[in-house]
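S.K.: Dropping the structure in here first, questions after.
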């Protein structure tokens, strides 16, 4: 990407950010959208593939002497099989333990010593990624580190190192899920939506019993299947010469053998035949909560962007229909959160309402909230969003997208995201054009298709006692 093009995009971001979405009226919305319609969102890149199958994407921007190194392994919790839940996330931890040439438990220290920042990894249902930003003259060090753990991680894998990281992951589950308010809600959602054996039934964090039973052989087999060059994409974004970067990539990754790319089994979302209601009695929660979930489209599939608009119309802070009704007017809720979340196989549309305290009849309060949710969804299905609601959403999404491209790490990850879900790293312009092209009629149609189907209802009821029974 040239400096001029990037700065023009950021200038648009400043324009959009100064137009607060909640302050948009019909007139200002038309003006703002018209002013943004000619902006270009292209990110210059070159994509090629090594003989061993490793996909490489290069984006040169010499503005600052930095390089973002971002690698995606196309494996997530959705690729796990029953009895091996949590393995993808476990490997995210294992990858920072060290490999044959770098040594044990010095990955973070090595990057810190060369001035690396933003060092981390994440796992979701579809992929596991690792990323950092380093001074441009240290690009080879970063590539060496990534190469070492791609090719030689198993050299340091043993019972002690595996048990250490299993304990870390299990403790993470206790801290983030088992022993916090509403922590078990996500497990209940997955159990209600997906049958046994469906890859989305098992959360990324995994089950305690599966992690406890993981052996060195199990983990080695998982690594040898999924952590191969043909199942990975490396993105470099920043200050480098293209030919020099290619030479370094070939030096550190080109000698790895070509191994079969593992198959991903696409499993469609099952249909619910009727509403499924689950009650959770939560000793950590102090307020009741209601979580309604519908099956919805996969990421960037037809209806995904349209349901984003529906979610904004219902739940945006300050102007969302459910937010105004339940929080501001009827005082039945402390907060409302609505979102469309598309993944590789399918998605979910979630409405989460945290109830206000002090209501004399909790059951009647829940019934009133249920009625409000249904009425507002029925209205959206019948009428669609208003032009102002649509414009507010477009302005918010475009400005957020622009600011996400401001730093090299964000640009590298966006190239990865588009590449993974569309096969086109340069999908940015199409993505923005699709957002701008959403119409009230299309939102109405998507809501009618997806939000009139049976749903899962997870009702959290606080236990009026001190927290007890913490998971071990």
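Numbering (full-length UniProt numbering), first residue to last: 1 to 472. Think of the CB as a built atom: it goes at the ideal place given N, C-alpha and C, for glycine as much as any other residue.
(1) Could you tell me whether the Cβ atoms of residue 131 and residue 419 are closer together than 8 Å?
(2) How is the beta strand (DSSP E) around residue 291 delimited, first residue to last?
(3) Cβ of residue 69 within 8 Å of Cβ of residue 156?
(4) Can you say whether residue 13 is buried or exposed, counting buried as having 16 or more other CB atoms within 10 angstroms of its CB?
(5) Would you identify the three-state DSSP class for residue 206, choosing helix, strand or coil?
(6) So, using beta-carbon positions, are residue 338 and residue 322 closer together than 8 Å?
(7) With DSSP as the reference, label residue 456 as helix, strand or coil.
(8) Helix or strand or just coil, what does DSSP make of residue 328?
(9) Just to confirm before moving on: does the CB-CB distance between residue 314 and residue 453 stay below 8 Å?
(10) Alpha carbons only, please: which of 56, 427, 55 and 44 is nearest the one belonging to residue 62?
(11) The beta strand (DSSP E) spanning residue 422 covers which residue range?
(12) Return helix, strand or coil for residue 132, following the three-state DSSP convention.
(13) Check this for me: beta carbons of residue 184 and residue 280, under 8 Å apart or not?
(14) Less than 8 Å separating the beta-carbons of residue 444 and residue 394?
(15) Would you say residue 211 and residue 77 are within 8 Å of each other, going by their C-beta atoms?
(16) Following the continuous beta strand (DSSP E) through residue 68, name the residue where it begins and the one where it ends.
(17) Alpha carbon to alpha carbon, how far is residue 421 from residue 461?
(18) Quick check: the Cα distance between residue 426 and residue 126, rounded to an integer number of angstroms?
(19) Who are the near neighbours of residue 65 in its chain, counting only those whose CB is closer than 7 Å to its CB and skipping five residues on each side?
(20) Taking contact to mean at least 3 C-beta pairs separated by less than 8 Å, is the region 292-303 in contact with the region 432-451?
(21) Suppose you measure from the CA of residue 206 to the CA of residue 169; what does that come to, to the nearest Å?
(22) Is there a C-beta anywhere in chain C that falls below 8 Å from the one on residue 219?
(23) If you follow the beta strand (DSSP E) that residue 279 is in, where does it begin and where does it stop?
(24) Would you tell me roughly how many angstroms separate the C-alpha atoms of residue 456 and residue 276, rounded to the nearest one?
(25) Since residue 288 and residue 362 should fall inside the 8 Å C-beta cutoff, what is the C-beta to C-beta distance between them, to a whole number of angstroms?
(26) I'd like the span of the beta strand (DSSP E) that includes residue 42, first residue to last.
(27) Excluding the five sequence neighbours on either side, which residues of its own chain have a C-beta within less than 6 Å of the C-beta of residue 451, listed in chain order?
(28) Can you grab the Cα-Cα spacing for the pair residue 370 / residue 197, in whole Å?
(29) Considering only the alpha carbon of each residue, which of 123, 86, 274 and 269 lies closest to residue 167?
(30) Looking only at its chain, what residues have a beta carbon closer than 6 Å to the beta carbon of residue 241, apart from the 5 residues adjacent to it on each side?
(31) Tell me the DSSP bridge mates of residue 47?
(32) Cα-Cα, which of 200, 199, 175 and 218 is closest to residue 159?
(33) Would you mind reading off the limits of the beta strand (DSSP E) that contains residue 337?
(34) Quick check on this structure: which residue in 81, 117, 49 and 195 has the alpha carbon closest to the alpha carbon of residue 268?
(35) Helix, strand or coil: how does DSSP classify residue 102 here?
(36) Along the chain, which unbroken stretches of the alpha helix (DSSP H) at least 4 residues long are found entirely within the region 182-239?
M.R.: With the structure as the only source:
(1) no
(2) 289-296
(3) Cβ atoms of residue 69 and residue 156: not closer than 8 Å.
(4) The predicted model places residue 13 with a pLDDT of 46, which falls under 50 and marks its position as unreliable; any figure quoted below should be read in that light. By the beta-carbon neighbour count (other beta carbons within 10 angstroms, threshold 16), residue 13 is buried.
(5) DSSP places residue 206 in coil when its eight states are reduced to three.
(6) With contacts defined by Cβ atoms closer than 8 Å, residue 338 and residue 322 form a contacting pair.
(7) In the three-state reduction of the DSSP assignment, residue 456 falls in the strand class, which pools E and B.
(8) helix
(9) no
(10) The shortest Cα separation from residue 62 among 56, 427, 55 and 44 belongs to 44.
(11) Unbroken run through residue 422 is the alpha helix (DSSP H), 408-422; no beta strand (DSSP E).
(12) strand
(13) yes
(14) No.
(15) Going by C-beta atoms, residue 211 is not nearer than 8 Å to residue 77.
(16) 66-73
(17) 38 Å
(18) Taking the CA atoms as reference points, residue 426 sits about 20 Å from residue 126.
(19) 135, 136 and 239
(20) yes
(21) 9 Å
(22) Here there is only one protein chain, and chain C is not present.
(23) 276-282
(24) 5 Å
(25) Between residue 362 and residue 288 the Cβ distance is about 6 Å, and since that is below 8 Å, they are a contact.
(26) Judged by DSSP secondary structure, residue 42 falls outside any beta strand (DSSP E); it is assigned neither H nor E.
(27) 294 and 377
(28) Distance between the alpha carbons of residue 370 and residue 197 is about 31 Å.
(29) Nearest to residue 167 by C-alpha distance, out of 123, 86, 274 and 269, is 86.
(30) none
(31) 57
(32) 218
(33) Unbroken beta strand (DSSP E) run through residue 337: 333-342.
(34) 195
(35) Note: residue 102 maps to coil in three-state DSSP.
(36) 185-193, 208-212 and 216-226
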